[in-house]
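Undergrad: Residue numbers (my numbering): 435 to 689.
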């Protein structure tokens, strides 16, 4: 059988956004799984990030995370992909679903490349979202200002303020983002407003980031808020965090 030039021709666009049903709206699906976990006085979760093209190292991370006891969920601090391609998100998710627990994500600057925003929204959901579990309120926010040409819209300060204010039970408020406010990729015109919101909220004790591919932590604004940055998967490390009403501890894990 001979095929003519127009028979059997398949076209593939790496920027197309096509996911199976079990690869869509994963953050909300995993929040639903978290809500099904019985609440304890303490909560243990993992902060990792910057998987990009480190697939073997991410697979090893999953093995290490699964060896930790009583971890309720994993937080991915962004840069899931390297080039914002749907296939990259699929590859990382295929590894991360091997975790013994749910995982949640925040969007990174590499995830905003090309058709990345559409792919991220399809597979994970909104770029800004929050949920409550036990004594904690988690707030995930897009802080990748450079990708928006520092136009004043990212991070959404008004949204963050409303999320922090909507906490009548004074739960631990834990803000998660990819780029910290002291990084050059964060809009300098918004850095003081952002850090000030965190500093002026008595429920914010610490806040979580990725991006710089190194472990870093400290009270960078001398305002009592502790900033934790996790390293990239290529550096084979993550934070193990434990929280309770009004307190927390953080352990650096290397694998």
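For glycine and all other residues, C-beta sits at the position ideal for the given N, C-alpha and C.
Values in this document were obtained by computation on a predicted structure and should not be read as measured data.
Is residue 573 helix, strand or coil by DSSP?
TA: Stepping through the chain shown from its first residue, residue 573 is reached at position 139. Strand, per DSSP.
Undergrad: How close, in whole Å, do the beta carbons of residue 659 and residue 633 come, if the pair is a contact with beta carbons under 8 Å?
TA: Counted from its first residue, the chain shown places residue 659 at position 225. Counted from its first residue, the chain shown places residue 633 at position 199. About 5 Å separates the two Cβ atoms, so the contact holds.
Undergrad: Is residue 572 near residue 579, with beta carbons less than 8 Å apart?
TA: Indexing the chain shown from 1 puts residue 572 at position 138. Indexing the chain shown from 1 puts residue 579 at position 145. Taking 8 Å as the Cβ cut-off, residue 572 and residue 579 do not qualify as a contacting pair.
Undergrad: Determine contact between the segment 522-536 and the segment 647-657, defined as no fewer than three beta-carbon pairs at a distance below 8 Å.
TA: No, the segment 522-536 does not touch the segment 647-657.
Undergrad: Can you list, in chain order, the residues of its chain with a C-beta nearer than 8 Å to that of residue 667? Leave out the 5 residues immediately preceding and following it.
TA: Taking the first residue of the chain shown as position 1, residue 667 is located at position 233. Excluding residues within five positions, the ones whose Cβ falls inside 8 Å are 482, 483, 484, 485, 486, 488, 491, 492 and 495.
Undergrad: What does the Cβ neighbour count give for residue 539, buried or exposed, with the cut at 16 atoms within 10 Å?
TA: Locating residue 539 in the chain shown gives position 105, counting from the first residue. Looking at its Cβ environment, which holds 16 or more other Cβ atoms inside 10 Å, residue 539 is buried.
Undergrad: Quick one: residues in its chain with C-beta nearer than 6 Å to the C-beta of residue 597, no 5 flanking neighbours on either side, listed in chain order?
TA: Position 163 of the chain shown holds residue 597. Within the same chain, residue 597 has close Cβ partners 564 and 573.
Undergrad: Within 10 Å of its beta-carbon, does residue 688 have 16 or more other beta-carbons around it, so buried, or fewer, so exposed?
TA: Residue mapping note: residue 688 aligns to position 254 of the chain shown, counting from 1. So residue 688 counts as exposed.
Undergrad: How should residue 508 be labelled, buried or exposed, when 16 other C-beta atoms within 10 angstroms of its C-beta is the threshold for buried?
TA: Along the chain shown, one-based indexing puts residue 508 at 74. Buried: at least 16 other Cβ atoms inside 10 Å.
Undergrad: Please say whether residue 515 and residue 550 have beta carbons closer to each other than 8 Å?
TA: Position 116 of the chain shown holds residue 550. Position 81 of the chain shown holds residue 515. Closer than 8 Å, so yes.
Undergrad: Please list the segments of the alpha helix (DSSP H) lying wholly inside the segment 482-513, counting only runs of 4 or more residues, in order along the chain.
TA: Entirely contained in the segment 482-513, the alpha helix (DSSP H) runs reaching 4 residues are, in chain order, 489-501.
Undergrad: Return helix, strand or coil for residue 565, following the three-state DSSP convention.
TA: Taking the chain shown and counting its residues from 1, one reaches residue 565 at position 131. Of the three classes helix, strand and coil, the one that applies to residue 565 here is strand, per DSSP.
Undergrad: Across which residues does DSSP place residue 694 in a beta bridge pair?
TA: Residue 694 lies beyond the range of the chain shown here (435 to 689); nothing can be said about it.
Undergrad: Report the residue from 685, 670 and 680 whose alpha carbon sits nearest the alpha carbon of residue 662.
TA: Residue numbering aside, residue 662 sits at position 228 when the chain shown is read from its first letter. Comparing Cα-Cα distances from residue 662 to each of 685, 670 and 680, the minimum goes to 685.
Undergrad: Would you mind reading off the limits of the alpha helix (DSSP H) that contains residue 691?
TA: Residue coverage of the chain in this structure runs from 435 to 689, which leaves residue 691 outside it and unanswerable.
Undergrad: Taking the straight line between their C-alpha atoms, what separation do you get for residue 528 and residue 456?
TA: Taking the first residue of the chain shown as 1, we reach residue 528 at position 94. Taking the first residue of the chain shown as 1, we reach residue 456 at position 22. Straight-line Cα distance between these residues: approximately 11 Å.
Undergrad: In whole angstroms, what separates the C-alpha of residue 474 from that of residue 681?
TA: Reading the chain shown from its first residue, position 40 is the one you call residue 474. Reading the chain shown from its first residue, position 247 is the one you call residue 681. Those two C-alpha atoms are separated by around 14 Å.
Undergrad: Closest to residue 503 by CA distance: which of 512, 518 and 480 is it?
TA: In the chain shown, the residue the question calls residue 503 occupies position 69. The candidate whose alpha carbon is nearest that of residue 503 is 480.
Undergrad: Measure the C-alpha to C-alpha separation of residue 546 and residue 510 and round it to an integer number of angstroms.
TA: Position 112 of the chain shown, counted from the start, is the residue given in the question as residue 546. Position 76 of the chain shown, counted from the start, is the residue given in the question as residue 510. So the alpha carbons of these two residues sit roughly 15 Å apart.
Undergrad: Which residues in the same chain as residue 438 place their Cβ atom closer than 8 Å to its Cβ, once the five residues preceding and following it in sequence are excluded?
TA: Here residue 438 refers to the residue found at position 4 of the chain shown. Since pLDDT at residue 438 reaches only 43, below the 50 mark, its modelled position is unreliable, and the value read off the structure follows with that caveat. Closer than 8 Å at the Cβ level, and outside the excluded window around residue 438, lies no residue.
Undergrad: Can you give the beta carbon distance from residue 469 to residue 567, rounded, assuming they're within the 8 Å contact cut?
TA: By 1-based counting over the chain shown, the position of residue 469 is 35. By 1-based counting over the chain shown, the position of residue 567 is 133. Right, the Cβ-Cβ distance comes to about 7 Å (below 8 Å), so this counts as a contact.
Undergrad: Taking residue 639 and residue 606 to be in contact with their CB atoms under 8 Å, please state how far apart those CB atoms are, rounded to whole angstroms.
TA: Counting from one through the chain shown, the residue named residue 639 turns up at place 205. Counting from one through the chain shown, the residue named residue 606 turns up at place 172. 7 Å between Cβ atoms; contact.
Undergrad: Do residue 577 and residue 612 have their beta-carbon atoms positioned less than 8 Å apart in this structure?
TA: The residue given as residue 612 occupies position 178 in the chain shown. The residue given as residue 577 occupies position 143 in the chain shown. Against a cut-off of 8 Å, the Cβ pair of residue 577 and residue 612 comes out as a contact.
Undergrad: Under a three-way DSSP split, which group does residue 461 fall into?
TA: Along the chain shown, one-based indexing puts residue 461 at 27. If DSSP states are grouped into helix, strand and coil, residue 461 belongs with the helices.
Undergrad: At the level of alpha carbons, what is the spacing between residue 600 and residue 593?
TA: Start at 1 with the first residue of the chain shown, and residue 600 comes out as number 166. Start at 1 with the first residue of the chain shown, and residue 593 comes out as number 159. So the alpha carbons of these two residues sit roughly 11 Å apart.
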